[in-house]
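Asker: I'd like to ask you about the structure that follows.
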Amino acid sequence: MKSNEEFAVVGKSKPRIDAREKVTGKLKYIADMDYGDTLHAKVLRSPYPHARIKRIDTSKAAALPGVVAVLTAKDVPGRNGFGAIVPDQPVLCGDKVRFVGDGVALVAAVDEKTAIRALDLIKVDYEVLPAVFSPVEALSGNAPKVHDSGNLITTSRVEKGDIESGFREADVILERTYELPFLEHAYLEPDVAVAYRGDDGTVTVEAPMQAPFTTRRNVAPVLGLPINKVRCIVTPLGGGFGGKEDSPVDTAVRVALLAWHTGKRVRLEYSREEIMLSTCKRHPMIIRAKIGAKKDGTFVAFEGTIYNEQGAYASLGPVLPPAGGVHAHAVVMLPGPYQIPNIKVEGYLVYTNHPYGGAMRGFGAPQSNFAHESLVDELADLLNMDPFELRRKNCFELGSKTATGQVIDQSIGLKETLDESRKLFQWERRKPTADPAKTGLQNKATGLGMAIGWYRTSIGTTFDGTGVNLHLLEDGSVIIYQGLVEMGQGMHTGISQIAAEALGVNLENVRVVAPDTDSAPESGPTVGSRCTTLMGNAILLAAQQIKEPLMQSASELLETPVERLVAREGFIFDKEKPEIKMELKEAARRSMGMGRRLMGQGWYTPPKPTLDPRTGQGNPYFVYTYATQMVEVEVDTKTGEVELKKIVGSFDIGKAINPQLLEGQIEGGIAMGVGYALMEKVILEEGIIKNLGLKDYLIPTAKDMPEIVSSIVEEPNVHGPFGAKGIGEMPNIPTPAAINNAIVNAIGSRIYKVPIDSESVWNAMHSPKPKGR
Amino acid sequence: MRFSETVVYTKEREWEQYLVPATIDDALKLLKRFKGDARVIAGGTDLVVQARQGGLQAKVLVDISHLRGFSDIKLHKGMIRIGAGATHSRIAESALVVERAQALAEGASRVGSPQIRNVGTIGGNIVNGQPGADTAIPLLALDAAVKVVGTRGERIIPLKEFFVGVGQTKVDSTKEIVTEISFPALKNGEASCALRLAKRKTLVLPVLTAAVMASVKSGKGRTFKDVRIAVGPVAITPLRCKQAEEVLIGNPVTDALITRAAEVAATEANPRSSLMRGSSTYRKAMVSVLVERGIRSALERIGGER
Amino acid sequence: MKEQTVRFKVNGNKIALEVEANELLVDVLRERLGLTGTKVGCREGECGTCSIIMNGRLVAACLIPIMKAEGADIVTIEGLEKNGDLHVVQQMFIEHGAIQCGFCTPAMVLAGKALLDRTPNPTHAEIREAISGILCRCTGYQKIIEAIDSAAKAQGRR
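Quick look at the structure:
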C-alpha cells in the first residue's frame, strides 16, 4: 500500500470542488432556481391515523378560480403505489388512510395561496378505524390490521452456536431492554420537486434526491410509462442523511402525476412541518438484549429480540435479499463487533399507524449499537472490570468470526481505534463509576464513558452495482457521468480525486456532471456509506480503459516503452528519466487524432453478499468500518442537565481519500449522535406528532457541541479504491451509548431510553439502582 | 392539541397595510381610526410566527419600533426606564442594566437566538404574555411597572398585575401601546440573578426560568431586607412566589432558611405534566433548585456589587 | 391590496420597490431581487438559514415584514465578494473545510462577518454564541468555529 507521499491527489485535504459556489451563495438549490411559470401543488392529508375513506368530494375545490387540477386515487393512470423496496404506499389513498399525514388528494393551482385554499374545500368523509401505535401491540392477535397482509412484515434472524449451553457456561448474565424513538432527519433544505412533460412523451422530475434511479423506477409505473421515458435530475442537496433517499420518491410521484395530468410544469414544496409530518424517519425500536460472560470477562453468549416499528408503510425497512434493508441490518449489527461463540437474535418488523421508518444515517445500526454498548458497559460494572478492557478483550480482530459466521479476514483496525482513543482521551483519568449510596454526589459530577462500533460498507443486496462513464477530453479535461449524489459529504470531490489520481491529471481538470438519469449509468443510491468505495472502484476500472490507449500513444510519441511511463499531475514521463516527458493533454489530443478511445465505462459490484434466512449465517457485507468513541460529561446533579466536555473518536476507515472531508463527516456525524443521545425525539400522542417543526424538534446548536478530537486509522480494504471503505454513517453510531455510559460513570445510575434529557437523568438519580441479574 | 390545530400549511398573512407613525399620538390615532382592525408591531418576531399559524387577525400593522425615545435605556432618579422598543440585544449589552439589574440583562441575553434578540423588543416580549417569558420573569423580580398609553391617556400597570392568562395581558394591542418599562435600579446591598433550564442551550423555550432579587442589611450578620422571587412557566401567568419571599424577608441569611424558601416556592408553583416540558413532579422540583440557586447567586453578587 | 413603496440599501445598492405590505423580507430578497443566497428553511426563525445583516446586526429575514426594512442597510451573502475577491471569512471557510451541504453556509458566513465587525478578537465561546442561532446538520460546527477564528486572526494581521 502506497503512502500518501506517493500519491499526487488521493490522501490530500484538497478543498472541496464546490466550495466557492457554496460560500458565495451562488450555488442554486432547487428553491433558488427560476422555473418560470409553474403551477403550485399541495397535498391533502389525512387527519386520522387509521380511517376508511367513504367519499371524497372535490367539486368545490376544482371550481375555485385558479385551481387547475384536483386529483384523487382514481386519477392515477398506472400503479397507485410507491416505495423504495415494496410499493405499498398509495400515491393517493383510495380505500383507507394509515397514518396522520397520508396523502388523499392533490391540488395544482396558479399559486400556493390558491392551492392551500383549495385543500380546505375538499370534503372527505372518513370512517375512523381503531388504530395501533406500538409494535408489540400490533403483533397481538386482535390488533387492527394496518395492511391486509398483516402487521408482521418479516422476521429476521441471526444464529450461531447453541445459545442455551452458552448461557449455562456463563458466570454472569445480564438482560436489559432499551427503547429508542422516531427521529427526524432535519436536513436544512426543505423538500421541493418540479416536474414537466416533454413533447417526446417523457416526464422529467427535478429534485434534491439521493436515489435518482429509485425515484425513476417509482415514477414510471405510477404513470404507466416505461422507465426509459422518465428522467430524474438531481438538484444540489442541502443535506440528505438518508431522508432524501425516500422523500423525493414521495414528492416525485405526486408532482409527476400532476404534470402528467395538467401538461404543465408543476412545483411541489413541502413546508418544514409537512416534511416532519409525512416523510420517513429513523425506525423506533424496542430491543431486549441479554449477554452472558465468564468471570474473567470472556463473552460466551448473546441473545436479542428487536421489535422494529416500521410505521404505516414499508419504505426501506423490509429485507432486500440477502441482507439489505434497515431490519436485516439492525439484526446483523445487534451483537456488536465482539467474538461471541453463541448468538441468537430475532427481529420483528411491524406495521403500525404511525409515520414510517426509512433510511437514516446508520440504517438500524444506531439503535443496535445503543443496546449492545449499553449492555456491555453495564456488564463491565457487574464484573468490576474496566469497560475499556472488557471491550478490548472481546472485540473483533483479524480472524474473528461474526454472529453470522463471517470471518473478518481483512481491514480490521478496531483495536487500533481503541488504543488511539485511549491515548487521545487519557482514559486513565476515569474514576470508577460513582456509587451515590456510599459517597453522595457533588453538585457537578464528572463522568467518562466509551463505546465502540462497527458498520458495513454498502447495502448487502445482490444488485449493489455502480456504474460510471468516464471521458478524457481532447484538452486533457475529464468528465464523469455517474448517478451518486453530492449532499455535503464531499463525495463528488472524493471521486474526482480518485479519477485525477487514476488518470494522472490535476483535481481542477475533473468535472462531475450533476447526476441525471438520462446521462448517468445505473449507480444505485447514495446510501450505506457505499459511494467513495464503490464508485471509486468503478472509476478505477473505467480509468484503465482510458490509460491503456493514452499511454500507448504517449509511448509512441515519447519513443519510450510503455512500462516506464507514469502519468501524474498533468504530465506523462519516463519514471527513470523524468526529463523525457510530455503534457498529458497533448497525449490526449494526439490519441484522439489517432482514433483511439479515451472513454471508459466502469461497473463495480462488491463481493456477493450471503445470508441464509433460516440459519442466519453468511457473509452479509463485504467489509466493515470500526470506531471507538470516548466522551467526558459533567452532570448537574440537581437538575440532571448533561454538559458535554469533550468527545474523542478514532475511526478505521481503510484509507482517507480526503482527510479534511473525512473529519467533517466525523464531526458532523458525532453531532447527530449527540442529538440522538440528548434531545431528539418525534413526540407522538394517539398517532399525532406534537412537536412538528424545528422549534420543538430539537437538534444540537453550536452551544450544545463540545470540542471533538478525531483520529484516523487506516487498515486498508482490499476491495476498496486505494484501500478505502465507508465513513459517512459510522461517526453517529457509537455516540449515544458513549454519552450514556459517561453519564452512568458520573451518577451511578443507568438510563435505558433515549433521548436522555435532564428529567430522565434526574429520575435515574432518584430511583434505586437496578440489580444486575 | 388536535391535528387540525397543527400548522402544516402557512396561513396567509392578513395585513394589508403597514404604517410607520412618527409619534405616539400618531400611532394611537391610527389604532383608533381602524377600530380594532389595526394592531401594534414592535420587533415582530412573535407576531410574524403567529400570523403564519393563523393567530393574527389584524388588517393593519402599526410599527412603533422607530418612535423617538422608544428604545432608550435610561437611569432617572434611581429608576431604570427602558423604552418598550429596546431590543433584547441592547438590553443585554447595556452597561447600566448589567450593573444595576443583572437579572434582566441575563434574561434578555437568553431570548431565542442572536437574530431574534437583535430585533425582538422587551415590550413585545411582555405583551406576548407567555408565562415563562425571558424578560418578564426578571422584570417581575425587579418589581417593574409598565406604562401603557391609549387614547384616554396613560396608565401605569405594575407588572405583577399585568398578566391575565397565557398570551393575555391587560393591554389591548388594537387600542393601546406599551411605551416604557421601569423599575428601581439596584443599589448597594442589592443584587439579582436570572436562571434558565431548557432542553438545549439556546433557540428553545424554557422548561423553567427563575429570577431573584435580594437585598440584605448588614449588621450583626446579614438579614434579608427584601426578596422577590419570580418563576415561570408554572402557571397561566408568570408567578411571584410570595410565600417563599415571606420565609426570608426580615430574617437572617442562613442556608436552612434559603433551602426552606426554595421548597416553599415549589409548593406555590403548579406546572402541569407536559409532553414538551416534562412532568409536574420534575418541574416542581426544579423550581426549588433554581430558586435556591438564584438566591445564593444574588447573595454572592451583593458581596461583589460595586 | 394597495402596494406600498419601500426603500433600502442592499449590498451597497439603493433599492426602491413597490411591495404588498404583507410580504416578508426574505421573499423580497429572493424573488424580487434574485438574491437567492439567503435561504428558507423553516419560516419560523428557528433554523437561521435566512439570516442576513441588517443595520450591522444579524437578523432572520423570514421574520421581517418588508416595510420594516424601510431605510435599512442590508448585507446578504452576495455582498461579500468584491471584484472576484472573497471576504476573509469566506476564504477561511474554504480553507478549513467548514462547508458541507452549503445550505447554512451563507448564514454562517454572515454571522462570522457580523461578529468580527463588532468584536475583532472573539473567543471561541463568543463565536459559538454568534452562530448559535443557525442550525447546521452537517458539520457539528467545529470547522465553522475554526474558520471564523482564523478569519479573526487573519484580519488582525492586516
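Chains as they are written, first to last, in this note's numbering: chain A, 3 to 775; chain B, 4 to 309; chain C, 208 to 365.
Glycine included, every Cβ here is placed at the ideal spot set by N, Cα and C.
#1: Classify A65 (chain A) as buried or exposed, calling it buried when 16 or more other Cβ atoms lie within 10 Å of its own Cβ.
#2: So, are the CB atoms of S376 (chain A) and V650 (chain A) less than 9 Å apart?
#3: How close, in whole Å, do the beta carbons of S525 (chain A) and T468 (chain A) come, if the pair is a contact with beta carbons under 8 Å?
#4: Would you mind telling me which residues of chain A sit closer than 7 Å to K204 (chain B), beta carbon to beta carbon, in chain order?
#5: When the Cα atoms are used, what is the spatial distance from E17 (chain B) to M274 (chain C)?
#6: Could you have a look at Q298 (chain C) and say whether DSSP puts it in helix, strand or coil?
#7: In the DSSP output, what is N310 (chain A) paired with across the bridge?
#8: On a CA-only basis, which of A:L385, A:A133, A:A209 and A:V236 is nearest G294 (chain A)? Give me that one, please.
#9: In three-state DSSP terms, what is T9 (chain B)?
#10: Once you ignore the five residues that flank Q105 (chain B) on each side, which residues in its own chain have a CB closer than 6 Å to its CB?
#11: Is the Cβ of Y21 (chain B) closer than 9 Å to any Cβ of chain A?
#12: Starting from E253 (chain C), find everything on chain A with Cβ-Cβ shorter than 8 Å and list it in chain order.
#13: Quick one: give me the first and last residue of the alpha helix (DSSP H) that W262 (chain A) is part of.
#14: Taking DSSP's pairing of strands, which residues face K446 (chain A) in a bridge?
#15: Sorted by chain position, which residues of the same chain lie with C-beta nearer than 8 Å to G415 (chain A)'s C-beta, five sequence neighbours on each side aside?
#16: May I ask you to verify whether the stretch 282-294 of chain A touches the stretch 179-186 of chain A, counting CB pairs closer than 8 Å and requiring at least 3?
#17: Would you list, in sequence order, the uninterrupted alpha helix (DSSP H) runs of no fewer than 4 residues that lie entirely inside the stretch 58-137 of chain A?
#18: If you follow the alpha helix (DSSP H) that V12 (chain A) is in, where does it begin and where does it stop?
#19: For C244 (chain B) and L322 (chain C), I'd like the C-alpha separation in whole angstroms.
#20: What residues of chain C sit near I710 (chain A), judged by a beta carbon separation below 8 Å?
#21: Please check if any C-beta of chain A sits within less than 9 Å of the C-beta of L208 (chain B).
#22: Reducing DSSP to helix, strand and coil, say where C533 (chain A) ends up.
#23: Nearest-angstrom Cα distance between R309 (chain B) and V294 (chain B)?
#24: Count the other CB atoms within 10 Å of the CB of Y50 (chain A); is the residue buried (16 or more) or exposed (fewer)?
#25: Which whole-angstrom value describes the C-beta separation of G490 (chain A) and P214 (chain A), a residue pair presumed to lie in contact below a C-beta threshold of 8 Å?
#26: Excluding the 5 residues flanking V250 (chain B) on each side, which residues of the same chain have their C-beta closer than 7 Å to its C-beta?
#27: List, in order along the chain, the chain A residues whose C-beta lies closer than 7 Å to that of S282 (chain B)?
#28: Since T206 (chain A) and R233 (chain A) are thought to touch, with beta carbons under 8 Å apart, how far apart are those beta carbons, to the nearest angstrom?
#29: DSSP three-state label for T212 (chain C), please.
#30: Which one or two residues does DSSP pair with K233 (chain A) in a beta bridge?
#31: Could you give the distance in angstroms between the alpha-carbon of E430 (chain A) and the alpha-carbon of E636 (chain A)?
#32: Please classify R344 (chain C): does DSSP put it in a helix, a strand, or coil?
#33: DSSP on M732 (chain A), reduced to helix/strand/coil?
#34: Residues of the stretch 271-298 of chain C in Cβ contact with chain A at a cutoff of 8 Å, in chain order, please.
#35: Out of B:G72, B:L142, B:A148 and B:L50, which has the shortest C-alpha to C-alpha gap to C269 (chain C)?
#36: With H, G and I counted as helix, E and B as strand and the rest as coil, what does DSSP make of P209 (chain B)?
Answerer: According to the data block:
#1: exposed
#2: no
#3: 5 Å
#4: T703, K705 and D706
#5: 15 Å
#6: helix
#7: A:M287 and A:L351
#8: It is A:L385 whose Cα lies nearest to the Cα of G294 (chain A).
#9: Residue confidence is low: T9 (chain B) scores 48 on pLDDT, short of 50, so the model does not pin down where it sits. No coordinate-derived value is stated.
#10: Excluding residues within five positions, the ones whose Cβ falls inside 6 Å are S195.
#11: no
#12: G695, L696 and K697
#13: G245 to T264
#14: A:D638
#15: Y628, D654, V715, E716 and E717
#16: yes
#17: 61-65 and 114-123
#18: Premise fails: V12 (chain A) is in no alpha helix (DSSP H) and is neither H nor E.
#19: 39 Å
#20: G347 and Q349
#21: yes
#22: helix
#23: Only weak support is given to the placement of R309 (chain B): the predicted model assigns it a pLDDT of 30, under 50, and the value that follows is read from those uncertain coordinates. Here the C-alpha atom of R309 (chain B) lies approximately 24 Å from the C-alpha atom of V294 (chain B).
#24: buried
#25: 17 Å between Cβ atoms; not a contact.
#26: Spatial neighbours of V250 (chain B) in its own chain (CB-CB distance under 7 Å, excluding positions within 5 residues in sequence) are listed in chain order as L260, R263, A264 and V267.
#27: E761
#28: Confirmed, about 4 Å.
#29: For T212 (chain C), the three-state secondary structure derived from DSSP is strand.
#30: Note that residue 233 (chain A) corresponds to Arg in the displayed sequence, not to Lys. Beta-bridge pairing links R233 (chain A) to A:T206.
#31: 17 Å
#32: Per DSSP, reduced to three states, the secondary structure at R344 (chain C) is coil, with no helix or strand assignment.
#33: M732 (chain A): helix per DSSP, three-state reduction.
#34: T283, I284, E285, L287, E288, L293 and Q297
#35: B:L50
#36: Here P209 (chain B) sits in strand by DSSP.
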